[in-house]
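Visitor:
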Amino acid sequence: MSDIVAFNSVAEEAAPKAQVDRVVAGPRGRKPRRALSSRNIVIYGTLIVVALYYLLPLYVMVMTSLKGMPEIRLGNIFAPPLEITFEPWVKAWASACTGLNCDGLSRGFWNSVRITVPSTIVSIAIASVNGYALANWRFKGAELFFTILIVGAFIPYQVMIYPIVIVLREMGIYGTLTGLIIVHTIFGMPILTLLFRNYFAGLPEELFKAARVDGAGFWTIYFKIMLPMSLPIFVVAMILQVTGIWNDFLFGVVFTRPEYYPMTVQLNNIVNSVQGVKEYNVNMAATILTGAVPLFVYFVSGRLFVRGIAAGAVKG
Amino acid sequence: MQNVSVSVKDLSLSFGAVTVLDTLNLDIKDGEFLVLLGSSGCGKSTLLNCIAGLLDVSDGQIFIKNKNVTWEEPKDRGIGMVFQSYALYPQMSVEKNLSFGLQVAKVPKEEIDKRVSRAAEILQIQPLLKRKPSELSGGQRQRVAIGRALVRDVDVFLFDEPLSNLDAKLRSELRVEIKRLHQSLKNTMIYVTHDQIEALTLADRIAVMKSGVIQQLADPMTIYNAPENLFVAGFIGSPSMNFFRGDLQLRDQRAYVHVNGVDFDVSAYPSRAPFVHGQKVVLGLRPEHVRVDEVASGAAASHRAVVDIEEPMGADNLLWLKLAGQSMSVRIAGQRRYAPGTAVTLSFDMGVASIFDATSENRI
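Sequence order for the protein chains is A and B.
First residue of the first sequence: 45, per the working numbering; consecutive thereafter.
First residue of the second sequence: 20, per the working numbering; consecutive thereafter.
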């Protein structure tokens with residue numbers, strides 16, 4: 045600042061001191077602006093329309109799920125419920141029929157938890173070490189290995205389903221939760237490895253070198269140096285995996301038996317069951333229940349997610 | 020070879036088709052402060068990383084304390100390293116940063132405490148021990164980074180441009196501190212820099228590097244006063260040496276370098292071999308080896324020139340003049356002022372000049 049002051053006072057020697065001070069300090073107070081400029085109207089107008097467009101289905105779902113069947117038959121889907129009832133929610137959770145058994149979504153929920161939690165933990169644990177090794181310990185053939193892994197991400201799932209069924213059958217874990225967890229872990233590997241590799245490659249290389257000079261080995265550097273610096277990217281990976289695996293339908297229906305069906309498959313069975321009347325209120329409640337977990341994860345860790353995505357994407 | 024601390028033999032390193040280091044040989048004496056000096060991309064940092072064991076060499080061997088460490092892990096080489104970006108572990112306190120290496124090596128707790136507090140005392144960072152690196156200034160961070168090498172009681176300190184990220188004032192302060200540290204510890208230190216002032220002030224010997232080859236390895240004064248080739252002569256010194264391309268002429272028992280119709284009398288130059296008449300040469304004159312309106316000792320001739328630009332620098336005054344059709348710089352005492360356009364008489368200290376062969380670019 046003092047340089048600028050000196051410069052200015054030389055340049056405008058004749059100018060009064062107060063004026064020079066004001067130039068240096070800059071204008072004070074708030075920059076005046078109009079709230080209702082045409083630019084603002086267009087921007088906010090568009091944003092509000094788009095927001096409504098996306099929120100409307102959710103609104104209809106919530107309203108419908110709180111109505112009784114007679115009220116739904118009136119056909120006015122945008123109207124709020126005249127008489128609020130939580131009956132459909134209870135039914136969706138505990139007693140709706142999903143094919144063979146009639147214990148609602150609760151079984152599917154716990155199946156999904158038992159699938160998602162281990163798959164997420166195992167895939168992140170392996171992928172983070174993969175990414176760390178690829179970024180920092182450039183072993184012979186690292187590039188080739190990485191290329192193969194990434195190419196793997198571009199092969200359509202459909203091509204691999206039947207071979208995987210055979211492999212799981214030969215291993216004796218077809219139709220079990222273990223089998224599905226292994227499949228999820230493997231399919232998460234390319235994108236997660238890429239994510240972690242880029243993140244670790246973006247960390248200063250000299251840190252890694254310093255740790256090596258300090259005598260730390262592969263695992264010591266990973267646990268003591270890299271992990272504590274990588275919380276954002278772990279959150280990103282966690283969100284990707286939790287939402288991805290929770291929302292999975294295809295693998296769940298192909299690789300498991302009905303008693304292990306994840307929540308998404310059970311939701312489908314409830315909504316698409318052909319017997320009896322269509323219980324729209326129960327269907328809506330079941331859908332919201334199924335979507336609640338990813339929604340919750342986004343809300344809780346949204347800020348970290350954005351930060352981590354930026355950190356992982358820009359560098360490396 | 021007695022008391023050799025670090026010895027590099029026929030070291031080569033190439034990445035694919037690019038040769039970074041080419042059969043490089045270097046012996047560093049015990050307790051010596053060696054500076055690797057060169058512009059970016061000359062291989063100086065690569066050489067340091069090879070000595071540290073952070074890069075695998077393509078060919079050749081590295082010895083530290085007479086032990087072949089070419090394929091040893093960095094931690095087994097008895098080295099400590101200080102990086103340009105400090106490379107402090109951001110999540111650990113200063114104390115943890117200092118003790119990390121010792122904890123990995125499973126040094127007993129009391130010993131760790133003793134060494135950490137000793138290092139903190141030497142570097143005067145005791146009040147900072149509980150802080151995180153993000154709460155330190157650049158100078159403090161680099162001190163901690165030096166401390167990290169210090170606690171490990173290593174034979175050889177490696178510095179990779181440690182002062183380049185600091186501002187000018189801190190840089191000169193820390194430079195003095197590193198020199199003091201070397202004087203009290205008497206460890207071998209290898210120091211990479213592109214800053215010639217750092218090199219000249221710190222080094223016992225300087226290795227000037229270019230394209231993976233050491234151009235000259237000598238003490239700072241020899242490097243400065245008797246550069247081995249044109250590259251070294253041009254690289255060291257600011258403003259750089261004035262070069263005049265011309266040919267040698269021997270007349271009347273005297274030797275001249277003839278440049279654009281101007282004859283520089285170089286009879287006083289201590290040449291290594293007798294001059295050859297007609298040889299194409301480059302005459303190098305440092306700005307401070309030119310006298311203005313004075314007669315240099317042993318100078319036989321003087322030249323007329325006109326001051327073009329004057330750059331007063333306080334202690335010194337730098338004049339730019341035109342001579343033999345080209346611009347040259349002259350350094351004189353700060354209180355002697357010359358307005359542009361003034362005609363002056365120049366004479367040269369040929370005893371400390373440098374003459375290089377124009378084709379081989381080596382000193383003659």
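Every residue, glycine too, gets a C-beta built ideally from N, C-alpha and C.
With 8 Å set as the bound, which would you pick, yes or no: does the beta-carbon of Lys151 (chain B) sit closer than that to a beta-carbon of chain A?
Guide: Position 132 of the second sequence, counted from the first residue, corresponds to residue 151 (chain B). Chain A, which has no Cβ nearer than 8 Å to the Cβ of Lys151 (chain B), makes this no.
Visitor: Under 8 Å, do Asp41 (chain B) and Val232 (chain B) count as touching if we go by C-beta distance?
Guide: Taking the second sequence and counting its residues from 1, one reaches residue 41 (chain B) at position 22. Taking the second sequence and counting its residues from 1, one reaches residue 232 (chain B) at position 213. The answer is yes: Cβ separation under 8 Å.
Visitor: Given that Thr264 (chain A) touches chain B, what residues does it touch there, using C-beta distances under 7 Å?
Guide: Within the first sequence, the letter at position 220 stands for residue 264 (chain A). The contacting residues are Val123.
Visitor: Which residues of chain B have a Cβ atom closer than 7 Å to the Cβ of Gly259 (chain A), listed in chain order?
Guide: Start at 1 with the first residue of the first sequence, and residue 259 (chain A) comes out as number 215. Within 7 Å Cβ-Cβ: Lys94, Gly120, Val123, Ala124.
Visitor: From the DSSP secondary-structure annotation, give me the bridge partner or partners of His213 (chain B).
Guide: Position 194 of the second sequence, counted from the first residue, corresponds to residue 213 (chain B). Looking at the DSSP assignment, His213 (chain B) forms no beta bridge with any residue, so it has no partner.
Visitor: Using Cβ-Cβ distances below 9 Å, what residues of the segment 192 to 212 of chain A are close to chain B?
Guide: none
Visitor: At a Cβ cut of 7 Å, what residues of the segment 264 to 280 of chain A count as close to chain B, listed as they run along the chain?
Guide: Correct list: Thr264, Ile269, Pro272, Met273.
Visitor: Would Pro248 (chain A) and Ala252 (chain B) qualify as a contact pair, given that the criterion is a beta-carbon distance under 8 Å?
Guide: Reading the first sequence from its first residue, position 204 is the one you call residue 248 (chain A). Reading the second sequence from its first residue, position 233 is the one you call residue 252 (chain B). Not in contact: Pro248 (chain A) and Ala252 (chain B) (Cβ atoms no closer than 8 Å).
Visitor: How would you list, in chain order, the residues of chain A whose beta-carbon sits under 8 Å from the beta-carbon of Phe102 (chain B)?
Guide: Position 83 of the second sequence holds residue 102 (chain B). In chain order: Glu250, Lys253, Ala254.
Visitor: With a cut-off of 8 Å, do at least 3 Cβ pairs link the segment 23 to 30 of chain B to the segment 44 to 54 of chain B?
Guide: yes
Visitor: With 8 Å as the threshold, decide whether the Cβ of Tyr108 (chain B) is near any Cβ in chain A.
Guide: For this step, residue 108 (chain B) is matched to residue 89 along the second sequence. Chain A, which has a Cβ nearer than 8 Å to the Cβ of Tyr108 (chain B), makes this yes.
Visitor: State yes or no: is the beta carbon of Ile98 (chain B) nearer than 8 Å to at least one beta carbon in chain A?
Guide: Here residue 98 (chain B) refers to the residue found at position 79 of the second sequence. For Ile98 (chain B), the answer is yes, since a Cβ of chain A falls inside 8 Å of its Cβ.
Visitor: Applying the 10 Å Cβ sphere with the 16-neighbour rule, what's the burial state of Ser366 (chain B)?
Guide: As a working mapping, residue 366 (chain B) is identified with position 347 in the second sequence. Buried, since its Cβ has 16 or more Cβ neighbours within 10 Å.
Visitor: What residue ranges within the segment 287 to 346 of chain A form continuous alpha helix (DSSP H) runs of no fewer than 4 residues, ordered along the chain?
Guide: Runs of the alpha helix (DSSP H) inside the segment 287 to 346 of chain A: 294 to 299, 307 to 316.
Visitor: Would a check of beta-carbon distances place Ala179 (chain A) closer than 8 Å to chain B?
Guide: Locating residue 179 (chain A) in the first sequence gives position 135, counting from the first residue. No, because no Cβ of chain B sits closer than 8 Å to the Cβ of Ala179 (chain A).
Visitor: Do you know whose CA, among B:Gly50, B:Leu56, B:Cys61, lies nearest Val37 (chain B)'s CA?
Guide: Within the second sequence, numbered from 1, the residue matching residue 37 (chain B) stands at position 18. Ranking B:Gly50, B:Leu56, B:Cys61 by Cα distance to Val37 (chain B) puts B:Cys61 first.
Visitor: Short of 7 Å Cβ to Cβ, which residues in the segment 64 to 78 of chain B face chain A?
Guide: Ala71, Leu73
Visitor: Taking three-plus beta-carbon pairs below 8 Å as touching, is the segment 184 to 200 of chain A in contact with the segment 225 to 243 of chain A?
Guide: yes
Visitor: So, for Leu193 (chain B): in the same chain, excluding its five sequence neighbours on each side, which residues have a beta-carbon less than 8 Å away from its beta-carbon?
Guide: The residue given as residue 193 (chain B) occupies position 174 in the second sequence. Around Leu193 (chain B): Gly158, Gln161, Arg162, Pro181, Leu182, Leu185.
Visitor: In chain order, what are the residue ranges of uninterrupted alpha helix (DSSP H) at least 4 long that sit wholly in the segment 281 to 365 of chain B?
Guide: none
Visitor: What did DSSP end up calling Thr222 (chain A) once you bin it into helix, strand or coil?
Guide: The sequence position of residue 222 (chain A) within the first sequence is 178, counting from 1. Correct three-state label for Thr222 (chain A): helix.
Visitor: Nearer than 7 Å: is that true of the beta carbon of Gly253 (chain B) relative to any heavy atom of the ligand SAM?
Guide: Among the components modelled here there is no ligand, and therefore nothing to report on the ligand SAM.
Visitor: DSSP beta-bridge partners for Ala226 (chain B)?
Guide: By one-based count along the second sequence, residue 226 (chain B) stands at place 207. In the DSSP output, where bridge partners are listed per residue, Ala226 (chain B) has B:Leu55, B:Leu236.
Visitor: Should His201 (chain B) be labelled buried (16 or more other beta-carbon atoms within 10 Å of its own) or exposed?
Guide: Sequence index remark: in the second sequence, residue 201 (chain B) carries index 182 (1-based). Taking all protein chains shown into account, His201 (chain B) has 16 or more neighbouring C-beta atoms within 10 Å of its C-beta and is therefore buried.
Visitor: If the criterion is Cβ atoms closer than 8 Å, does the pair Gln285 (chain A) and Ile159 (chain A) meet it?
Guide: As a first step, residue 285 (chain A) must be located in the first sequence, where it is residue number 241. As a first step, residue 159 (chain A) must be located in the first sequence, where it is residue number 115. For Gln285 (chain A) and Ile159 (chain A), no; Cβs fall outside 8 Å.
Visitor: For the segment 45 to 90 of chain B, which segments carrying the beta strand (DSSP E) assignment without a break, of at least 3 residues, lie completely within its bounds, in sequence order?
Guide: 52 to 56, 78 to 83
Visitor: Report buried or exposed for Ser118 (chain B), applying the criterion of at least 16 other Cβ atoms within 10 angstroms of its Cβ.
Guide: One-based indexing of the second sequence puts residue 118 (chain B) at position 99. Classification of Ser118 (chain B): buried, given that the 10 Å Cβ count is 16 or more.
Visitor: Excluding five sequence neighbours on each side, which residues of the same chain lie with their C-beta closer than 7 Å to the C-beta of Ala139 (chain B)?
Guide: Start at 1 with the first residue of the second sequence, and residue 139 (chain B) comes out as number 120. The answer, listed in chain order, is Gln145, Leu148, Gly166.
Visitor: Would you check if the segment 89 to 99 of chain B and the segment 248 to 266 of chain B touch, i.e. whether three or more CB-CB distances between them fall below 8 Å?
Guide: no
Visitor: To the nearest angstrom, how far is the alpha carbon of Val371 (chain B) from that of Arg190 (chain B)?
Guide: Here residue 371 (chain B) refers to the residue found at position 352 of the second sequence. Here residue 190 (chain B) refers to the residue found at position 171 of the second sequence. The straight-line gap from Cα to Cα measures roughly 31 Å.
Visitor: State yes or no: is the C-beta of Val276 (chain B) within less than 8 Å of the C-beta of Val285 (chain B)?
Guide: In the second sequence, the residue the question calls residue 276 (chain B) occupies position 257. In the second sequence, the residue the question calls residue 285 (chain B) occupies position 266. Yes, Cβ-Cβ distance for Val276 (chain B) and Val285 (chain B) is below 8 Å.
Visitor: By Cβ distance, which residues of its chain are closer than 7 Å to Leu219 (chain B), with the 5 residues on each side in sequence left out?
Guide: Residue 219 (chain B) sits at position 200 when you count from the first residue of the second sequence. So the list reads Pro239, Tyr243, once near-sequence residues are dropped.
Visitor: Please list the segments of the alpha helix (DSSP H) lying wholly inside the segment 97 to 146 of chain A, counting only runs of 4 or more residues, in order along the chain.
Guide: 113 to 117, 131 to 138
Visitor: Let me check one thing: in DSSP terms, what residues is Ser172 (chain A) bridge-paired to?
Guide: Counting from 1 along the first sequence, the entry for residue 172 (chain A) is found at position 128. Beta-bridge pairing links Ser172 (chain A) to no other residue.
Visitor: Could you check which residue in B:Arg96, B:Leu53, B:Arg199, B:Thr207 has the C-alpha nearest to that of Ile70 (chain B)?
Guide: The count along the second sequence starts at 1 and reaches residue 70 (chain B) at position 51. With distances taken between Cα atoms, Ile70 (chain B) lies closest to B:Arg96.
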